[in-house]
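Counting in our numbering, the sequence shown runs from 6 upward without gaps. Structure, as structure tokens:
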Amino acid sequence: MLMTFQATKQQVFNRGVPPNSFLSELVAWGRTAPDDIFAPNPNTDIYSSVVEVLGPWQDIRHRKAAMLEVMRVLAGFESSWNWDAGVDTTNPTSTTPDTIEAGAWQVSANSMAFGQELKDLVSREVGSLDGNDFQRAMKQDHQLAMEYIARLLRRTVNHNGPVKRHEIDPWLRRDAVTEFQALLDAP
């Protein structure tokens, strides 16, 4: 199915706009992503972090679309939507397989410490918790990378600097959330 993107093609900081291919993968993942990822929880998570910008939350469908918008903007900040992005050369702690960032959202294997469900997901999908295997998977398995960042953002807002420092907030768009909702509902 050919998707038309307008609001979701808005500029993100000085990174440009996301490619249609990235947005298409994001929507396709959102259509099949388990609802438990988006359900309310007691954590200080991405939803409590951006509620003033994109909330109040209406239902799971709205929460899912808001997560896609956060993922759109965060991937722009972290990698300019590059699935193959590697180590952050400006981060002095990115020196071991467990601390080296990988993929569109620049996650590192040590982030699995934020929740057993993260370890379980990686173990199930990758077959290993090894840092090198993690990096490779975050670049190559886009479905895993999307589920991983969504679940990580439900656990903490401290792993990704642009989220922690609220740098993504000015670039989050309510009209993009509305567009994501429509795209999620489209046949």
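Heads up, the beta-carbon is just placed ideally off N, CA and C, and yes, glycines get one too. Computed from a predicted model, the values in this text were never measured in an experiment.
Against chain C, does N25 count as a neighbour if the rule is that its beta carbon must be under 8 Å from one of theirs? Absent from the structure: chain C. Only one protein chain is present.
Apart from the five residues just before and just after L73, which ones in its own chain have a Cβ nearer than 6 Å to its Cβ? Within the same chain, and ignoring the five residues on either side of L73 in sequence, the residues whose Cβ sits closer than 6 Å to its Cβ are L31, G35 and F185.
Please tell me whether A181 and R77 are closer than 8 Å, where the distance is taken between their beta carbons. The beta carbons of A181 and R77 sit closer together than 8 Å.
If you scan the stretch 20-75 from start to end, which runs of the alpha helix (DSSP H) of 4 or more residues do you find wholly inside it? Segments of the alpha helix (DSSP H) lying fully in the stretch 20-75: 25-37 and 51-59.
Can you give the beta carbon distance from L59 to F119, rounded, assuming they're within the 8 Å contact cut? The beta-carbon distance between L59 and F119, rounded to whole angstroms, is 22 Å. This is too long to meet the 8 Å contact definition.
Quick check on DSSP: helix, strand or coil for V127? Note: V127 maps to helix in three-state DSSP.
Would DSSP call V168 helix, strand or coil? DSSP places V168 in helix when its eight states are reduced to three.
From the DSSP secondary-structure annotation, give me the bridge partner or partners of A114. DSSP, once it has assigned bridges, lists no residue as partnering A114.
Cβ atoms of F82 and I173: under 8 Å apart, would you say? At the C-beta level, I173 and F82 come within 8 Å of one another.
Please return the same chain residues whose Cβ sits closer than 6 Å to the Cβ of A71, not counting the five positions on each side in sequence. So the qualifying residues of the chain are L59 and V182.
Taking all protein chains shown into account, decide if V162 is buried (16 or more other Cβ within 10 angstroms of its Cβ) or exposed. Flag for V162 reads buried.
Is A109 helix, strand or coil when you go by DSSP? Correct three-state label for A109: coil.
Integer-rounded CB distance, given that S84 should sit under 8 Å from A90: By a beta-carbon distance limit of 8 Å, A90 contacts S84. Their separation comes to about 4 Å.
For F139, which option in W86, A114 and N48 has the closest C-alpha, if you only look at C-alpha atoms? Shortest Cα-Cα distance from F139 to any of W86, A114 and N48 involves A114.
Could you check what DSSP says for T98 in three-state terms: helix, strand or coil? It is coil, neither helix nor strand.
Select from S116, D146 and N137 the residue whose C-alpha is nearest the C-alpha of E130. Answer by Cα proximity: D146.
Mapping the DSSP letters down to three states, classify Q148 as helix, strand or coil. The answer is helix: DSSP assigns Q148 an H, G or I state.
Ignore the nearest five residues each way along the sequence and tell me which others in W86's own chain have a CB closer than 7 Å to its CB. Excluding five sequence positions before and after W86, the CB atoms of its chain that fall closer than 7 Å to its own CB belong to P23, P24, F27, A80 and A109, given in chain order.
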